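Structure first, then comments.
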DNA sequence: TTGTATGCGTTATCAC
DNA sequence: GTGATAACGCATACAA
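Residue numbers (the working numbering), protein chains in the order written: chain A, 1 to 333; chain B, 1001 to 1333.
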């Protein structure tokens, strides 16, 4: 049994396919009578529009792609989920592409998305060095960047949490609670957001007249991050506070420090970033900077639709979303 | 500038579109010479196949849908990510649909997926009561169920962790460590997997000659689950062990019990389910049942491709994936 | 207000 | 080996 097409509807309701199409899309003129008739037949047959045909004809796929480094990261999952929800309400389906921070994979995904002629693209975070090789062709797919500074600022809209502010406040929280020698613990790979966070950390030190910077870079791919942490803190016994560039790293610290006899927050105070659910239940609970994933998602979709439907829409904008420091036990006595 | 089509390639390489198509799909006969020429032109122009046209023509979309209740749940995210990765390697793109455990949303997604003529469908978990209203038409989309018992077993392949075994072992772990009066804490909504876990809990009690069942059902939508827990344990002071039907609930317990003066594992022992990353870092660390997400994903894709490409492939099968109890501090002294 | 005809890019059938 | 062409389902320009 073949699926019913617009042709069948036309036959069954005694009109032409053109009229059916007009009724379906509520576009052009037709009598109320035919409208009723056609809609009734559609109802009866359970007709479903064929998206492939429509896409081909209109050169529009009603789908958008999302490039995300790691969907099992809670923050990313959260944002992606919200974006997908809003887009679905607007009639778009979402193709989520998990790049696993792999350049080749990202390229492969971009190629696939181009093939599928996605109407738009949302790029979330991702390594800084490999810069979005799309728009090779003239027919550029509109895209929005979240937390990933675009190489070509004027071709997109850049939406980002205020990582700088978050890091600054996190660091000040440490200093205000008696920390004298803070360290920033981050991963090796560099993203736009980690750069901003580092800057915020540094500026907070400067403001408080601390001129020696402690930076510990971890390779989280390798499974020895716990050991690296132990080594570092055994060597730098003066360190009494940590700004962890994300909660995942903060959790590693929470696990590793007690093993070398350091108590949190008594000996070392910690503030993380992302306010993942773990932060509420770790021991001690973790102070952390919360990103506004709702607003990020809303802005991303809103602006994407804008530049999709209106190519003349001004690009090059940067929209900064405030963050919020959530104080818990790890930074206070 | 329009995108280059197969027609352009034909013109540029001095052959017909038919030949180009044959070369591209490596299907039918053509001389080595033309192959070279065509491939070269394709390379030069950066030609990309138009999926909409191909889909329309072949009535195949090279995409599959995934229905998942909540992508920000770590276990689901993990499985989805792995499925997506395998499918991408096989040339399929994945449309991830977050149903938010909402019946209407699920229906809307199914309709959309049908419109897009997805080649297959993977359904993960989800409420038991609303049973997959697809295949209204003859043209049924092949689908695989993970952790969701299909209403029509003979139309699909059912892949599931051994929830029963996991719950049984978790409960025995409690009993073997001195628990006399265990309780199962679960949510109100019922899924195939929670049913199985409940059964495992009960059978473990029976085997150990415990005939009184304690069951605490929480409504996790409501934000008062912590309070509910406190009330329950104040009322049932004899309870000294909990099988939490998932880690999320276990974490709630870990937070709530100390507030009423109960220490874990001294006063109450706990085992969870899912082995989320939190389990490693909570205080105390949480014993939990780990599902084999890799294997679940592999089996799902493998079997889906099988029934997609071979409609005669025997259905009605059930594949049970073993789970593993990971012992940590919350269940031992 | 409605119908006819065309083309979107591709694959498959047939003829050469 | 290769080319011409029909067909997939739909939207739309143009006629009527």
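Glycine included, every Cβ here is placed at the ideal spot set by N, Cα and C. Remember, it's a predicted structure, so these values are computed and weren't measured experimentally.
With burial defined as no fewer than 16 other Cβ atoms inside 10 Å of the residue's Cβ, what is the status of residue i: buried or exposed?
i                       : result
residue 1333 of chain B : exposed
residue 1058 of chain B : exposed
residue 274 of chain A  : buried
residue 1100 of chain B : exposed
residue 103 of chain A  : exposed
residue 1007 of chain B : exposed
residue 215 of chain A  : exposed
residue 237 of chain A  : exposed
residue 1314 of chain B : exposed
residue 1014 of chain B : exposed
residue 205 of chain A  : buried
residue 16 of chain A   : exposed
residue 1069 of chain B : buried
residue 1018 of chain B : exposed
residue 1258 of chain B : exposed
residue 197 of chain A  : buried
residue 200 of chain A  : buried
residue 288 of chain A  : buried
residue 71 of chain A   : buried
With distances taken Cα to Cα, identify the nearest neighbour of residue i among the options.
i                       : options                        : result
residue 1147 of chain B : B:1328, B:1322, B:1215, B:1331 : B:1322
residue 1329 of chain B : B:1318, B:1311, B:1271         : B:1271
residue 1117 of chain B : B:1097, B:1124, B:1141, B:1108 : B:1141
residue 176 of chain A  : A:240, A:98, A:156             : A:240
residue 1144 of chain B : B:1086, B:1178, B:1303         : B:1303
residue 1093 of chain B : A:67, A:72, A:262              : A:67
residue 262 of chain A  : A:234, A:280, A:276, A:281     : A:234
residue 125 of chain A  : A:179, A:217, A:194, A:51      : A:194
residue 1260 of chain B : B:1287, B:1226, B:1291, B:1292 : B:1226
residue 1049 of chain B : A:110, A:70, A:115, A:248      : A:115
residue 1316 of chain B : B:1119, B:1151, B:1037         : B:1151
residue 90 of chain A   : A:280, A:305, A:292            : A:305
residue 1264 of chain B : B:1098, B:1162, B:1179, B:1165 : B:1179
residue 298 of chain A  : A:12, A:78, A:269              : A:78
residue 183 of chain A  : A:166, A:40, A:232             : A:232
residue 1283 of chain B : A:203, A:254, A:29             : A:254
residue 1269 of chain B : B:1285, B:1281, B:1280, B:1276 : B:1285
residue 1165 of chain B : B:1154, B:1290, B:1073         : B:1290
residue 1012 of chain B : B:1026, B:1266, B:1042         : B:1042
Taking residue i as the query, report the chain A residues whose CB atoms sit under 8 Å from its CB, ordered along the chain.
i                       : result
residue 1048 of chain B : 111, 114, 115
residue 1229 of chain B : Residues of chain A passing the Cβ test: none, with the nearest at roughly 14 Å.
Given this structure, state the Cα-to-Cα distance separating residue i from residue j, to the nearest angstrom.
i                       : j                       : result
residue 207 of chain A  : residue 229 of chain A  : 27 Å
residue 1055 of chain B : residue 278 of chain A  : 44 Å
residue 334 of chain A  : residue 1088 of chain B : Residue 334 of chain A is absent from the structure shown; chain A starts at 1 and stops at 333.
residue 1082 of chain B : residue 1076 of chain B : 10 Å
residue 1212 of chain B : residue 1062 of chain B : 53 Å
residue 1121 of chain B : residue 1064 of chain B : 5 Å
residue 156 of chain A  : residue 300 of chain A  : 11 Å
residue 1047 of chain B : residue 312 of chain A  : 27 Å
residue 1080 of chain B : residue 35 of chain A   : 42 Å
residue 44 of chain A   : residue 308 of chain A  : 35 Å
residue 5 of chain A    : residue 1031 of chain B : 39 Å
residue 1168 of chain B : residue 1292 of chain B : 17 Å
residue 161 of chain A  : residue 325 of chain A  : 13 Å
residue 320 of chain A  : residue 159 of chain A  : 6 Å
residue 189 of chain A  : residue 244 of chain A  : 15 Å
residue 1111 of chain B : residue 192 of chain A  : 39 Å
residue 1010 of chain B : residue 1003 of chain B : 14 Å
residue 185 of chain A  : residue 171 of chain A  : 12 Å
residue 1123 of chain B : residue 1249 of chain B : 24 Å
residue 387 of chain A  : residue 108 of chain A  : In the structure as shown, chain A starts at 1 and stops at 333, and residue 387 of chain A therefore has no counterpart that could be examined.
residue 1224 of chain B : residue 281 of chain A  : 16 Å
Name the chain B residues whose beta carbon is nearer than 9 Å to that of residue i?
i                     : result
residue 51 of chain A : 1052, 1055, 1061, 1112, 1115, 1116, 1117
Name the chain B residues that come within less than 8 Å of residue i, Cβ to Cβ?
i                     : result
residue 72 of chain A : 1074, 1077, 1078, 1081
Where the segment 78-97 of chain A meets chain B: residues whose CB sits under 9 Å from a CB there: 78, 80, 81, 84, 85, 88, 91, 93, 94, 95, 96, 97
Residues of the segment 1252-1280 of chain B with Cβ closer than 8 Å to any Cβ of chain A, in chain order: 1254, 1255, 1277, 1278, 1280
Using a beta-carbon distance cut-off of less than 8 Å, what residues from the segment 10-35 of chain A approach chain B? none
With 7 Å as the limit, tell me which residues of the segment 282-314 of chain A have their beta carbon closer than that to any beta carbon of chain B; keep them in chain order. 282, 283
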